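Working notes for the structure below.
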């Protein structure tokens, strides 16, 4: 670049500017665009003159501030080459990371379904640290996997979330319908008052609001007409009824209660590992996920300090807590169709800082169960 004669802007630090200009005149150096500063002078000249000045005026420090045209661009690149190199590498890294899959997660409860889908995905290049596929490629892979396992897979979806693939899959259930040749009744599993009847097959023997005892037949598998059995089947259906429970709950009158002090601390967590040891003795934590990088989760934690203070129930509060405990215990055994109808305190007493509460609970729950009828072989005389 120095062999090509082009102009450069030069700065020279000097207090005696006239002396410098005189020396340049003696060397026959042509300059232009002169600017005088407090302790320096700027001017424009050719690169050839710059070389001459450096050679003959060694007592002065000549610094190129700017080059012209393409040389100015090349000069800036040369001056900032480390920054530019880092910038280019950063863009390359961002591009690679934004187009790389760091994890593939197949969501299904059954292990063998997850395994066959994972193996198929790897076969078609969908795996950890692989290049992202476009929409058409993912659709093609999805179709190939479903075609490969027509008896196992009903539905499959590949969703890209950031740098991850989440694969949701539905198993194909092929039901082998066989005729049930058993003879069954639907009977009561406990004493109850009938609230709901959902009969599918069989002859209904009860109505809503009927009181039944454990073992009573609710839906018969024997289909009768005029007291004559016309057909026998395995009755199916579901009966809900109102049932009753009595429970005894013991509540300590003294207890410890959590109270927030208002102090909080911040922490970080990588996957399940905290970065810093908490300075709080007792605390509760709320966490917020920042991001996932190469399958590693980064979280911000907020730790709220709590203290435990001694409290004492009054009678009303103790009874309320007893009802709550009894309700929770029963709810643990109920499904989504069943529910607690009512609770009533039958008896309460206290002794040695303890409240004893007897509770009567009315519950709506499934009371039906299938009971097979075993026909006895008749002896042939």
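In the working numbering, the protein residues as written are -11 to 369. Backbone N, C-alpha and C fix where the C-beta goes; we use that ideal spot for every residue, glycine too. These numbers come from a predicted model, not from an experiment.
Enclosing alpha helix (DSSP H) for residue i [first to last residue]
i, result
"residue 38", "35 to 44"
"residue 135", "123 to 136"
"residue 339", "Neither: residue 339 is in no alpha helix (DSSP H) and is coded neither H nor E."
"residue 53", "Counting along the chain, residue 53 falls outside any alpha helix (DSSP H), though it belongs to the beta strand (DSSP E) covering 50 to 55."
"residue 108", "99 to 111"
"residue 322", "Note, residue 322: premise wrong, no alpha helix (DSSP H); not H, not E."
Residue i: CB within 6 Å of a non-hydrogen atom of the ligand ADP
i, result
"residue 308", "Because no ligand of any kind appears in the structure shown, any question about the ligand ADP cannot be addressed here."
For residue j and residue i, believed in contact at Cβ under 8 Å, the rounded distance
i, j, result
"residue 174", "residue 206", "5 Å"
"residue -4", "residue 35", "5 Å"
"residue 292", "residue 272", "5 Å"
"residue 48", "residue 8", "7 Å"
"residue 231", "residue 178", "6 Å"
Residue from the options with nearest C-alpha to residue i
i, options, result
"residue 122", "255, 271, 87, 51", "87"
"residue 222", "359, 297, 305", "359"
"residue 190", "181, 199, 172", "172"
"residue 54", "70, 349, 144, 32", "32"
"residue 194", "136, 108, 229, 92", "229"
"residue 245", "298, 15, 70", "298"
"residue 185", "179, 198, 158", "198"
"residue 203", "19, 27, 13, 357", "357"
"residue 135", "118, 147, 105", "105"
"residue 280", "295, 155, 242, 90", "90"
"residue 278", "290, 268, 270", "290"
"residue 51", "69, 220, 71, 28", "28"
Classification of residue i by the beta-carbon crowding that lies within 10 angstroms, buried from 16 upward
i, result
"residue 249", "exposed"
"residue 288", "exposed"
"residue 130", "buried"
"residue 67", "exposed"
"residue 153", "buried"
"residue 251", "exposed"
"residue 41", "buried"
"residue 6", "exposed"
"residue 113", "exposed"
"residue 3", "exposed"
"residue 353", "buried"
Enclosing beta strand (DSSP E) for residue i [first to last residue]
i, result
"residue 253", "242 to 258"
"residue 11", "No beta strand (DSSP E) contains residue 11, which is instead part of the alpha helix (DSSP H) from 5 to 14."
"residue 357", "356 to 360"
"residue 264", "No beta strand (DSSP E) contains residue 264, which DSSP labels as neither H nor E."
Query raised in the report: Touching or not, the segment 312 to 324 and the segment 247 to 261, by the rule of three or more beta carbon pairs under 8 Å?
Result: no
Query raised in the report: Quick one: any contact between the segment 317 to 334 and the segment 288 to 304, if contact means 3 or more CB pairs under 8 Å?
Result: no
Requested in this report: Could you tell me whether the segment 235 to 249 touches the segment 344 to 351, using the rule of 3 or more Cβ pairs below 8 Å?
Outcome: yes
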